[in-house]
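>
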Amino acid sequence: MKITIENNEAKFLFRIADTSLILAQRMAELCSNAPFLEEDIAISNCSLDLFGRAEELYKIIATIEGNKFTPDDYVFRRNEREFFNIKLVEQPNEDFAWTITRQFMHDVWAKEVFTQLSSSKNEELVGLCSKVLKEIEYSLLHSRDWMYRLGLGTEESNKRTQDAIDHLLKYVEEIFNFDDLDKEYFSDCANIERVWQEEINRVFSEINIERKEIQPLSMRDFRDGFHSEHIGHLLSIMQYLPRAYPDAKWS
Amino acid sequence: MDKFEQAFNQIIEDDLKVEPRDWMPEKYRQTNIRQISQHAHSEIIGMQPEGNWLLRAPSLRSKQVLLAKIQDEAGHGLYLYSVAETLGISRQEMNEQLHNQTAKYSSIFNYPTVTWADMGAVGWLVDGAAIVNQVSLQRTSYGPYARAMVRICKEESFHQRQGYEIMCQMAFGTAAQKEMAQDALNRFWEPALMMFGPHDADSVHKGQSMAWKIKRESNDHLRQRFIDRTVPQAEYLGLTIPDKGLKFNEETGHYETSPFNWDEFWNVVNGNGPCNQERLDHHKKAHNDNRWVREAAEAYAEKTEAQVA
Amino acid sequence: MEKGDKVWEVFVQKKSGLPFKHVGSVRAYDKKMAIQNARDLYTRRSEGRALWVVPVEAIVSVPLDNADAFFDPADDKAYRHATFYVTPEGVNHL
Ligand SMILES: [Fe+2]
Ligand SMILES: [Fe+2]
Ligand SMILES: [Fe+2]
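Order-wise, the sequence lines are chains A, B and C.
With the first letter of the first sequence counted as 1, position 172 gets the number 172 in our numbering; the numbers rise by one all the way through.
With the first letter of the second sequence counted as 1, position 75 gets the number 1075 in our numbering; the numbers rise by one all the way through.
With the first letter of the third sequence counted as 1, position 6 gets the number 2006 in our numbering; the numbers rise by one all the way through.
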């Protein structure tokens, strides 16, 4: 099965949908591995929100594309280069500081993204946005609170958080290299970056974290389906069953 | 007998509930702590065999359903830990007992989940067996435990269904899927039946637990109820129960099974199951690798909460 | 959890106008975490629209030894209940 994308709006929405999906899968890795049980449940909840969000976005994409494919086709039948998530979210859970930092950086971005999409011309998308914005508001509460605990907790937690941030910041630059498609469907691209930088800098300065200068990296853009090496492993696990039993049905 | 003991006996006799601040015999307290913490640990360790397939669930729907289910199990563990805490044991102590193996958990979770069909079999058979037991425990005499069971049973109602749904899909799917489903049933059938514990004749704690109404129905009684419900469900799936001696007794109206392999049961209970070591190591690793996170949360709370409180 | 965390009792209000009901407890290191943990443990199935968490040590209860002294004196005051009074036949809305 070769998955094709015809419409620009679908092409654009894959970026958001894939980002939700890949982050959801990453968060699910913490199930039974979180620092304590209450947090296990909290992370699972974020993961469930993200899977649900991805599924709804794939449904909207499927509608735009004339229902040639189902959301499950999009998730389980595409290859590495056919995914368009931001690289930030495919980065692994090295430790809890990575998990939380990645989440926080994503949530701040996602909040402005879905705020802008809520004035889209696509009514289905607008409907989804009002639900999604509530989820993000909550997730942000959770990830931001943890940034404070980790940044200001102990020397070790501060150092681990600083390390995670230093690594993950490498994957931020590309997020704001907006292309024509972004400019067509976001109402104010520049504001996505402005809001993000402001909030990140504000929180970092309050939690005793230094924002180090990141040299521009030679990294190809996620918008063209480029990834870090991590994506292949993530997909090979996620897609194993439908790939191994192509004629079987799963619901 | 003093007035407190009399009051306790009266509560049991009248089928009322014992509450945390009531006087209770030390043995009653200890028996409850043992049973409730074992139950809590089972919910938590039980997250692992299902978590094993979470990242490989074959559809968006099944992935969300499975994650929600595992999340429920974590919640059940939490309800039960807090019930045990009302009896004077701390969560930390219970965790230590789990790690140093003085506390047990249900042996069923020491079996590996090797194919996706095992997610079906676990939900259908393991949650199914757990539900039969837990419904009975809604009438247990310790109030907080009974109330936790009511809440848990409400949440469990979807667990068995999601398992059976997977079994249906596979049993009625391709030949390869059906084969996987049968294989999963073959491996989980007898271990699921042994979840109810030893036969009544061999059960050590039975007498006092029944008298104190901690346990309301005997192991064999509950097991029989489960078998009678489950055999027709397997028939609907077109799958074969892996017991050549299984037969329906017209007179009693119950199914009869061949004798179980209790040697295997006790061997697994005593730590030699296929996954005992892995389950424990997994739990310890998550706990130990994240100690710094808990320390950070503690340190942060010390700095910030003090100002307000 | 091991040390530094506290137990918080959780109260959920199902709908506005209904009383808050005790549903159980959670562990957490700080207030914000307590209310979030309570939300995730007790309202995943839309069981509530408002939540309280209270540190367990803030709850005062009647000591076991004094229970009789606290509650028995109320047993012989039936005049506090409406059923204590006889209403004349034919008189309504009382
Ligand atoms: Fe459970
Ligand atoms: Fe369950
Ligand atoms: Fe279970």
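Ideal Cβ placement from N, Cα and C applies to all residues, glycine included.
What residues from chain C crowd round Asn45/A, counting only those whose CB sits closer than 7 Å?
Taking the first residue of the first sequence as position 1, residue 45/A is located at position 45. Neighbours of Asn45/A on chain C, chain order: Asp2040.
> Can you have a look at Met1001/B and say buried or exposed, based on whether 16 or more other CB atoms are within 10 angstroms of its CB?
For the purposes of this step, residue 1001/B is identified with residue 1 of the second sequence, where counting begins at 1. It counts as exposed.
> Less than 8 Å between CB atoms is the rule here; does Val2007/C satisfy it with respect to chain F?
Going by chain labels, chain F is absent from the structure shown, which instead holds the protein chains A, B and C.
> Assign Asn1276/B to one of three DSSP states: helix, strand, or coil.
Start at 1 with the first residue of the second sequence, and residue 1276/B comes out as number 276. Asn1276/B: helix per DSSP, three-state reduction.
> Does Tyr148/A get closer than 8 Å to chain B when you measure Cβ to Cβ?
The residue given as residue 148/A occupies position 148 in the first sequence. So yes, Tyr148/A belongs to the interface.
> Tell me where the beta strand (DSSP E) around Trp2052/C begins and ends.
Here residue 2052/C is taken as the residue at index 52 of the third sequence, counted from 1. Here the beta strand (DSSP E) through Trp2052/C covers 2050-2055.
> Would you call the region 8-21 of chain A in contact with the region 180-189 of chain A, where contact means no fewer than 3 C-beta pairs closer than 8 Å?
Touching, yes, given that three or more Cβ pairs across the two stretches are closer than 8 Å.
> So the beta strand (DSSP E) Glu1256/B belongs to, where does it begin and stop?
Within the second sequence, residue 1256/B is the residue found at index 256, counting from 1. Run containing Glu1256/B: 1254-1256, per the beta strand (DSSP E) assignment.
> Among all the DSSP beta bridges, which residues are the ones paired with Trp1212/B?
Here residue 1212/B corresponds to residue number 212 of the second sequence, with the count starting at 1. Trp1212/B is not bridged to any residue.
> If you draw a straight line from the alpha carbon of Tyr1236/B to that of Met1167/B, how long is it in whole angstroms?
Here residue 1236/B corresponds to residue number 236 of the second sequence, with the count starting at 1. Here residue 1167/B corresponds to residue number 167 of the second sequence, with the count starting at 1. The straight-line gap from Cα to Cα measures roughly 11 Å.
> Using C-beta distances below 7 Å, list every residue in its chain close to Arg1223/B, excluding the 5 sequence neighbours before and after it, in chain order.
Taking the first residue of the second sequence as position 1, residue 1223/B is located at position 223. Within the same chain, Arg1223/B has close Cβ partners Leu1193, Phe1196.
> Suppose the cutoff is 8 Å on Cβ atoms and the five residues either side in sequence are ignored; what does the same chain contact list for Ile1227/B look like?
To locate residue 1227/B, count along the second sequence from 1; it is residue 227. Closer than 8 Å at the Cβ level, and outside the excluded window around Ile1227/B, lie Leu1193, His1254, Tyr1255, Thr1257.
> Opposite Tyr1142/B in the DSSP bridges: which residues?
Here residue 1142/B is taken as the residue at index 142 of the second sequence, counted from 1. Note: Tyr1142/B sits in a beta bridge opposite Val1018/B.
> Mind listing which residues of the region 1158-1170 of chain B have their C-beta closer than 7 Å to chain A's C-betas, in chain order?
The region 1158-1170 of chain B vs chain A, Cβ under 7 Å: Gln1169.
> Between the Cα of Lys131/A and those of Trp146/A, Lys212/A, Pro92/A, Leu117/A, spot the shortest distance and give me the residue it belongs to.
The residue you call residue 131/A lines up with position 131 of the first sequence. Comparing Cα-Cα distances from Lys131/A to each of Trp146/A, Lys212/A, Pro92/A, Leu117/A, the minimum goes to Leu117/A.
> When the distance is taken between beta carbons, is Leu1098/B closer than 8 Å to Ala1148/B?
In the second sequence, counting from the first residue as 1, residue 1148/B sits at position 148. In the second sequence, counting from the first residue as 1, residue 1098/B sits at position 98. Their beta carbons are not under 8 Å apart, which means Ala1148/B does not touch Leu1098/B by this criterion.
> Based on the DSSP output, what are the partners of Lys2021/C in its beta bridges?
Counting from one through the third sequence, the residue named residue 2021/C turns up at place 21. Beta-bridge pairing links Lys2021/C to Val2012/C.
> So is Thr1115/B buried or exposed if we call it buried at 16+ other beta carbons inside 10 Å?
In the second sequence, residue 1115/B corresponds to position 115, counting from 1. Buried, by the Cβ-count rule.
> Does ligand 1 have even one heavy atom less than 7 Å from the beta-carbon of Glu1043/B?
For the purposes of this step, residue 1043/B is taken as the residue at position 43 of the second sequence. Checking the Cβ of Glu1043/B against ligand 1 gives yes.
> Any heavy atom of ligand 1 closer than 7 Å to the CB of Asp1072/B?
For this step, residue 1072/B is matched to residue 72 along the second sequence. Within the cutoff, so yes.
> Measure the CB-CB distance between Asp145/A and Lys2006/C and report whether it falls below 8 Å.
Stepping through the first sequence from its first residue, residue 145/A is reached at position 145. Stepping through the third sequence from its first residue, residue 2006/C is reached at position 6. Result no, Cβ atoms of Asp145/A and Lys2006/C do not sit closer than 8 Å.
> Establish whether the CB of Asp73/A and some CB of chain B are separated by less than 8 Å.
Here residue 73/A refers to the residue found at position 73 of the first sequence. Output row for Asp73/A: interface = no.
> Thinking Ala28/A and Ala54/A are a contact (beta carbons under 8 Å), I'd like their distance in whole angstroms, please.
As a first step, residue 28/A is located in the first sequence; it is residue number 28 there, counting from the start. As a first step, residue 54/A is located in the first sequence; it is residue number 54 there, counting from the start. 12 Å between Cβ atoms; not a contact.
> Can you give me the C-alpha to C-alpha distance between Ile2059/C and Leu1087/B, rounded to a whole angstrom?
One-based indexing of the third sequence puts residue 2059/C at position 59. One-based indexing of the second sequence puts residue 1087/B at position 87. Looking at the two C-alpha atoms, the distance is approximately 17 Å.
> With a cut-off of 8 Å, does the C-beta of Pro92/A fall near any C-beta of chain B?
Against the first sequence, residue 92/A aligns to sequence position 92. Pro92/A does not count as touching chain B.
> Here's a check: name, in chain order, each residue in its chain whose Cβ is nearer than 8 Å to the Cβ of Ala981/B, leaving out the five neighbours to either side.
Past the edges of chain B, shown from 1001 to 1309, lies residue 981/B, and the structure says nothing about it.
> How would you call Leu1016/B, buried or exposed, if buried means at least 16 neighbouring beta carbons within 10 angstroms?
Numbered from its first residue, the second sequence carries residue 1016/B at position 16. It is exposed - the Cβ of Leu1016/B has fewer than 16 other Cβ atoms within 10 Å.
> For Val1293/B, would you say it is in contact with chain A, using Cβ-to-Cβ distances shorter than 8 Å as the test?
By 1-based counting over the second sequence, the position of residue 1293/B is 293. Chain A, which has a Cβ nearer than 8 Å to the Cβ of Val1293/B, makes this yes.
> What residue range does the alpha helix (DSSP H) around Asn93/A cover?
If you number the first sequence from 1, residue 93/A lands on position 93. Where Asn93/A is concerned, there is no enclosing alpha helix (DSSP H), given that its DSSP letter is neither H nor E.
> So, at 7 Å on beta carbons, what are the nonlocal neighbours of Val1308/B in its own chain, with the 5 sequence-adjacent residues on each side left out?
Taking the first residue of the second sequence as position 1, residue 1308/B is located at position 308. Summary for Val1308/B: the model assigns pLDDT 49, below 50, so the residue's position carries little reliability, and this model does not support an answer.
> For Ala2028/C, which of helix, strand or coil comes out of DSSP?
Taking the third sequence and counting its residues from 1, one reaches residue 2028/C at position 28. Correct three-state label for Ala2028/C: strand.
> Can a CB atom of chain C be found closer than 8 Å to the CB of Ile3/A?
Position 3 of the first sequence, counting from 1, holds the residue named residue 3/A. Cβ-Cβ to chain C under 8 Å: no for Ile3/A.
> I want to verify the contact list: residues of chain B whose CB lies under 7 Å from the CB of Lys2021/C, in sequence order.
Taking the third sequence and counting its residues from 1, one reaches residue 2021/C at position 21. Near Lys2021/C there are no residues of chain B at all, since even the closest Cβ is about 12 Å away, more than 7 Å.
> If you draw a straight line from the C-alpha of Gln1170/B to the C-alpha of Ala1117/B, how long is it?
Stepping through the second sequence from its first residue, residue 1170/B is reached at position 170. Stepping through the second sequence from its first residue, residue 1117/B is reached at position 117. The amino acid at residue 1170/B is misidentified as Gln; the sequence shows Met. Cα to Cα, Met1170/B sits roughly 7 Å from Ala1117/B.
> DSSP three-state call for Lys2007/C: helix, strand or coil?
The sequence position of residue 2007/C within the third sequence is 7, counting from 1. At residue 2007/C the sequence reads Val, which differs from the Lys that was named. Of the three classes helix, strand and coil, the one that applies to Val2007/C here is strand, per DSSP.
> What alpha helix (DSSP H) runs, 4 residues minimum, are completely inside the region 1126-1176 of chain B?
Segments of the alpha helix (DSSP H) lying fully in the region 1126-1176 of chain B: 1128-1137, 1143-1171.
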